[in-house]
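Residue numbers (my numbering): 1 to 165. We put the CB at the ideal spot given by N, CA and C, even for glycine. Structure first, commentary second.
Pasting the structure below:
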């Protein structure tokens, strides 16, 4: 694989997101948009909480990462280095998608009779809308999504998840 194959050009990235849409995977669409467009490490994206997103000022604060301990236990820790904590300006498309994702979660919870007044401490990307606060996606989630895309769209170019950054 040469260097040009280790990333997506704009048209290829659009094809990937079209596949997510065809698979009707709102979480994958939002996760990979945040991951790719904000340049986050996957573990930083997985650790995001709603309180990290400032919709009014169009920023996301990155100050934590998801780590896996023995036996698959997941834990939040500070970002890798002192220079890793940062505030990132969010483009309007990504911000809009995050708002849609949050509203989708709220609507799904309401349809199940779950009323939460405040989602701020909840993780943005959890395994299910039923989960609250500290229910994180498994660290293999992005790889599983890309494997599913490859299965349904075998002719599509697939890159390593890390290379989305």
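- The three-state reading of DSSP puts residue 114 in coil, since its state is none of H, G, I, E or B.
- Taking a contact to require three or more Cβ pairs closer than 8 Å, the segment 32-48 and the segment 58-75 qualify as touching.
- When DSSP reads this structure, residue 77 sits in a beta bridge with 65.
- Three or more Cβ pairs closer than 8 Å define a contact, and the segment 157-164 falls short of that threshold against the segment 65-76.
- Beta-bridge partners assigned by DSSP to residue 87: 61.
- Within the same chain, 49, 50, 51 come within 8 Å of residue 120 by CB-CB distance, once the 5 residues on both sides are set aside.
- Partner residues in the beta bridge of residue 49, as assigned by DSSP, are 123.
- Residue environment: residue 124 is assigned as buried (16 or more neighbouring CB atoms within 10 Å of its CB, all protein chains considered).
- Nearest to residue 78 by C-alpha distance, out of 99, 55, 43, 138, is 43.
- Per DSSP, the beta-bridge partners of residue 54 are 59.
- At the C-beta level, residue 33 and residue 95 stay beyond 8 Å of one another.
- By alpha-carbon distance to residue 144, the top candidate from 103, 13, 20 is 20.
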